[in-house]
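Remarks on the structure that follows.
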Amino acid sequence: MSSQIINKVTTKTVASTLVDTLIRLGVDSVFGYPGASVLSIYNELSYTNKITHYLVRHEQAAIHAAEGYARTSGKVGVVLVTSGPGFTNTITGIVNAYTDSTPLVILAGDVPTTTKSGKVFQSVDIVSMTKSCAKKVYSITKKDDIQQIIEEAFTIANTGVKGPVVIALPRNILESEYKSKVTNIIENDLKTKDYSNAIEKLNKLLLESKKPLVLVGGGAINVPDEITEFVKKHKLPLVSTLMGIGVFPSDENLYLGMIGINGTPCANTVLNNCDLLISFGAAFSDRSTCKRSDFCANKKIVSINLNLISEEFELQIKADVKDFIQQYLNKPFNYSASNSWLGQIKAIKEEFSSDDSSSNCLHSSYVLATLSEYTRNLEPIVVTDVGQHQMLTALFYKFNKPRKFITSGGLGTMGFGLPAAIGAHIANPDNLILNITGDGSFQMNLQELATCREHNIPVKIIIMNNGYLGMVRQMQEKIYNNRYQVEMTNPDFVKIAEAYDLFAIRVTKKDELIPAINMAIEHKGTAIVDIMIDSFEEI
């Protein structure tokens with residue numbers, strides 16, 4: 098929006114009340130794309146300097162940018178789009194936010210309520226389209242109070258199992274005079290339950306176990322200190338899901354890596370050998386468990402989560418992870434994993450240790466390990482897209498703090514990375530932001546380079562360029578006898594960067610890698626490092 102703020106004297110409208118409510122709730126950034134249905138809101142935004150609007154080049158990118166903002170800051174991300182295709186373009190992003198429990202409020206323009214019957218330009222059924230992929234969907238009527246709806250939406254989005262809330266805003270109602278119609282207000286249930294009984298059961302299972310293991314998922318993102326205290330108090334080894342990476346420091350000896358289909362051999366081996374698994378905030382998706390029956394075999398499972406997961410588990414504790422673990426740590430209880438179990442884990446770690454440095458090829462594993470070490474002291478926020486590079490980042494990049502690894506977990510959305518990195522920068526302007534992407538994923542939303550250029554967003558884009566949709570090719574090789582249709586005829590990404598007036602450099606050899614990374618980091622604006630990696634590398 099223009100930085101020039103114009104004084105106005107006008108009747109208070111629903112649109113102006115909406116913007117006033119956003120300001121009062123502390124919203125400082127909105128990601129959007131204008132259209133006729135929401136121009137009344139855009140007009141009101143022009144009168145304030147408290148909210149910055151970021152014009153993306155595609156509405157899906159608006160959602161992903163808001164996700165990056167929300168997941169790195171812990172605040173609610175806000176999206177503003179118009180009716181019809183403006184809204185339908187957001188659906189993939191809304192599903193992505195829903196599956197990864199990201200708190201968003203989507204303000205969606207809608208056609209006037211007076212023209213709903215018959216065939217109407219840009220009219221879609223917003224409620225029906227999103228009721229299965231949003232925590233709640235509102236369709237505003239004359240009877241609703243916009244201030245109350247917005248406040249409720251923020252509360253719902255950012256409490257319990259977090260997620261997106263959609264508000265359909267008919268144009269005629271936005272432009273109408275605001276009259277307060279506040280009715281009932283949502284009240285948070287702030288009472289914390291007493292988990293003493295569940296804690297005793299967990300303690301009993303720990304005492305009976307000989308090979309205990311801790312698992313952390315995305316639901317533990319807000320309790321890294323408590324998780325660390327719990328693990329170190331009992332000397333318990335720990336593994337993570339993809340979404341739990343960073344909750345416990347990767348540098349710690351007790352951390353064994355990520356579990357699941359693309360997990361580390363060490364983490365999966367220890368998981369298969371444990372007799373008690375204590376899970377904090379993990380959803381137990383099929384990517385983590387593979388076959389549920391095999392996963393549950395020969396071990397007792399304790400799940401602490403806001404959702405109940407499986408009747409096969411030994412103990413399910415429906416609780417906010419923070420509330421439960423804080424109560425646990427206040428209880429006097431002494432236990433330490435046996436030296437025998439820790440010794441067995443040490444042997445497993447040594448068995449699976451490897452070194453790729455002797456190879457002359459530019460493998461992703463080498464690139465990511467090098468990048469991790471080179472940026473260690475900078476503590477960057479790393480945002481990935483989806484594919485081989487995503488899983489290899491999870492395996493080879495070391496994360497020692499939460500909210501430093503941002504990725505599309507539940508939906509696996511290619512094109513997530515660049516816009517999410519933009520949102521991450523806006524929420525954390527003093528932090529180095531790395532977008533690690535593949536040549537396939539990058540082309541899904543590369544138009545957002547224009548957003549980077551317009552707002553001088555200094556994200557560093559690391560393209561793992563192998564000329565293939567590598568993850569798909571790997572599956573087709575293994576399952577379909579090398580019959581694949583995923584060779585990528587790519588453009589010259591360096592020239593594309595030049596077209597957007599951005600810095601870019603290509604890497605084809607190992608000795609070019611560190612100088613290129615250094616040049617990108619030192620560059621004041623957006624920078625692209627196009628790395629030509631081994632085309633047939635596998636996870």
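Heads up: the sequence shown begins at 98 in the working numbering, then just goes up one per residue.
In this text, a Cβ means the ideal position worked out from N, Cα and C, and glycines have one as well.
Predicted, not measured: the structure shown is a model, and the values here were computed from it.
Sequence-distant residues of its chain with Cβ nearer than 7 Å to T189 (five each side left out): One-based indexing of the sequence shown puts residue 189 at position 92. Around T189: Q157, T510.
Among residues of its own chain, excluding the 5 on either side of I593, which ones have a beta-carbon nearer than 6 Å to its beta-carbon? One-based indexing of the sequence shown puts residue 593 at position 496. Within the same chain, I593 has no close Cβ partners at all.
Where are the alpha helix (DSSP H) runs, 4 residues long or more, that stay fully inside the stretch 215 to 246, in chain order? 223 to 227
How should Y577 be labelled, buried or exposed, when 16 other C-beta atoms within 10 angstroms of its C-beta is the threshold for buried? Here the question's residue 577 lines up with position 480 in the sequence shown. Flag for Y577 reads exposed.
Residue interval of the alpha helix (DSSP H) (run including T586): As a working note, residue 586 is residue 489 in the sequence shown. Element bounds for T586: n/a, residue is neither H nor E.
What's the call for L299, buried or exposed, on a 16-neighbour Cβ count within 10 Å? In the sequence shown, the residue the question calls residue 299 occupies position 202. By the 10 Å Cβ count, L299 comes out buried.
Do G506 and G343 have their CB atoms nearer than 9 Å? Locating residue 506 in the sequence shown gives position 409, counting from the first residue. Locating residue 343 in the sequence shown gives position 246, counting from the first residue. Cβ distance not < 9 Å, so G506 and G343 don't count as in contact.
Per DSSP, what kind of secondary structure is H552 in: helix, strand or coil? The sequence position of residue 552 within the sequence shown is 455, counting from 1. It is helical.
Give every residue of the same chain whose Cβ lies closer than 7 Å to the Cβ of L115, excluding the five residues on either side of it in the sequence, and list them in chain order. Here the question's residue 115 lines up with position 18 in the sequence shown. Excluding positions up to five away in sequence, the list reads I138, I243, I247.
Start and end residues, beta strand (DSSP E) containing T325: Counted from its first residue, the sequence shown places residue 325 at position 228. Careful: T325 lies outside any beta strand (DSSP E), inside the alpha helix (DSSP H) at 321 to 331.
C-beta atoms of K557 and L531 nearer than 9 Å: Mapped onto the sequence shown, residue 557 falls at position 460. Mapped onto the sequence shown, residue 531 falls at position 434. Yes.
Assumed close pair A524, S229 - CB separation to whole angstroms, cut-off 8 Å: As a first step, residue 524 is located in the sequence shown; it is residue number 427 there, counting from the start. As a first step, residue 229 is located in the sequence shown; it is residue number 132 there, counting from the start. Not really, about 28 Å apart at Cβ, beyond 8 Å.
Helix, strand or coil: how does DSSP classify T467 here? The residue you call residue 467 lines up with position 370 of the sequence shown. Here T467 sits in helix by DSSP.
K575 - DSSP class collapsed to helix/strand/coil: As a working mapping, residue 575 is identified with position 478 in the sequence shown. Correct three-state label for K575: helix.
Euclidean distance between Cα positions of Y463 and E141: What you label residue 463 is simply residue 366 of the sequence shown in a count that begins at 1. What you label residue 141 is simply residue 44 of the sequence shown in a count that begins at 1. If I take the Cα positions, the gap works out to 50 Å.
How long is the line joining the alpha carbons of P362 and K240, rounded to whole angstroms? The residue given as residue 362 occupies position 265 in the sequence shown. The residue given as residue 240 occupies position 143 in the sequence shown. Answer to the nearest angstrom: the Cα atoms are 58 Å apart.
Just to confirm before moving on: does the CB-CB distance between N562 and M629 stay below 9 Å? Translated into positions along the sequence shown, residue 562 becomes position 465. Translated into positions along the sequence shown, residue 629 becomes position 532. For N562 and M629, yes; Cβs fall inside 9 Å.
Classify R695 as helix, strand or coil using the three-state DSSP reduction. As shown, the chain starts at 98 and ends at 636. That puts residue 695 outside it, with no answer to give.
What does the alpha-carbon distance come out to for the pair G354 and Q540? Position 257 of the sequence shown, counted from the start, is the residue given in the question as residue 354. Position 443 of the sequence shown, counted from the start, is the residue given in the question as residue 540. Their Cα atoms are separated by approximately 30 Å.
By the 10 Å Cβ neighbour count, where 16 or more other Cβ atoms means buried, how is Y432 classified, buried or exposed? Stepping through the sequence shown from its first residue, residue 432 is reached at position 335. It counts as exposed.
Pick out whichever of F392, K446, F128, L266 has its Cα sitting closest to the Cα of S180. Here residue 180 corresponds to residue number 83 of the sequence shown, with the count starting at 1. Minimum Cα distance to S180 is reached at L266.
As assigned by DSSP and simplified to three states, the class of H150: Position 53 of the sequence shown, counting from 1, holds the residue named residue 150. Reduced to three states, the DSSP call for H150 is strand.
Since A112 and L271 should fall inside the 8 Å C-beta cutoff, what is the C-beta to C-beta distance between them, to a whole number of angstroms? Counted from its first residue, the sequence shown places residue 112 at position 15. Counted from its first residue, the sequence shown places residue 271 at position 174. That pair is a contact at about 4 Å.
I533 versus E609 - alpha carbon distance: The residue labelled residue 533 in the question sits at position 436 within the sequence shown. The residue labelled residue 609 in the question sits at position 512 within the sequence shown. Rounded to whole angstroms, I533 to E609 spans 18 Å at the Cα level.
Apply the 10 Å Cβ neighbour rule to M616 and answer buried if 16 or more other Cβ atoms are within range, or exposed otherwise. In the sequence shown, the residue the question calls residue 616 occupies position 519. When all chains shown are included, M616 counts as exposed.
For the alpha helix (DSSP H) that A380 lies in, which residues bound it at each end? Residue 380 sits at position 283 when you count from the first residue of the sequence shown. A380 -> no alpha helix (DSSP H), and no H or E assigned at all.
Counting beta carbon pairs with one atom in the stretch 364 to 372 and one in the stretch 389 to 401, are three or more of them shorter than 8 Å? yes
Here's a check: name, in chain order, each residue in its chain whose Cβ is nearer than 8 Å to the Cβ of I560, leaving out the five neighbours to either side. For the purposes of this step, residue 560 is taken as residue 463 along the sequence shown, with counting starting at 1. Answer for I560: T534, G535, D536, F539, F590, I625, V626, D627, I628, listed in chain order.
With 16 other Cβ atoms within 10 Å as the buried cut-off, status of S461: By one-based count along the sequence shown, residue 461 stands at place 364. Looking at its Cβ environment, which holds 16 or more other Cβ atoms inside 10 Å, S461 is buried.
Span of the alpha helix (DSSP H) around P261: Along the sequence shown, read from residue 1 onward, the residue named residue 261 stands at position 164. No alpha helix (DSSP H) contains P261, which is instead part of the beta strand (DSSP E) from 261 to 267.
From which residue to which residue does the beta strand (DSSP E) around T481 run? In the sequence shown, residue 481 corresponds to position 384, counting from 1. Where T481 is concerned, the enclosing beta strand (DSSP E) stretches over 478 to 481.
Can you tell which of A250, F513, D391, M340 has its C-alpha closest to the C-alpha of F410? As a working mapping, residue 410 is identified with position 313 in the sequence shown. When only C-alpha atoms are compared, the closest one is D391.
So, are the CB atoms of N269 and T210 less than 9 Å apart? As a working note, residue 269 is residue 172 in the sequence shown. As a working note, residue 210 is residue 113 in the sequence shown. Contact flag set, yes.
Specify the secondary structure class of P200 as computed by DSSP and reduced to three states. For the purposes of this step, residue 200 is taken as the residue at position 103 of the sequence shown. In this structure, P200 counts as coil in the three-state DSSP scheme.
In whole angstroms, give me the CA-to-CA distance for C387 and I356. Reading the sequence shown from its first residue, position 290 is the one you call residue 387. Reading the sequence shown from its first residue, position 259 is the one you call residue 356. Going by the C-alpha atoms only, they are around 10 Å apart.
Taking N402 as part of the beta strand (DSSP E), name the residues at either end of that continuous run. As a working note, residue 402 is residue 305 in the sequence shown. 397 to 402 is the extent of the beta strand (DSSP E) around N402.
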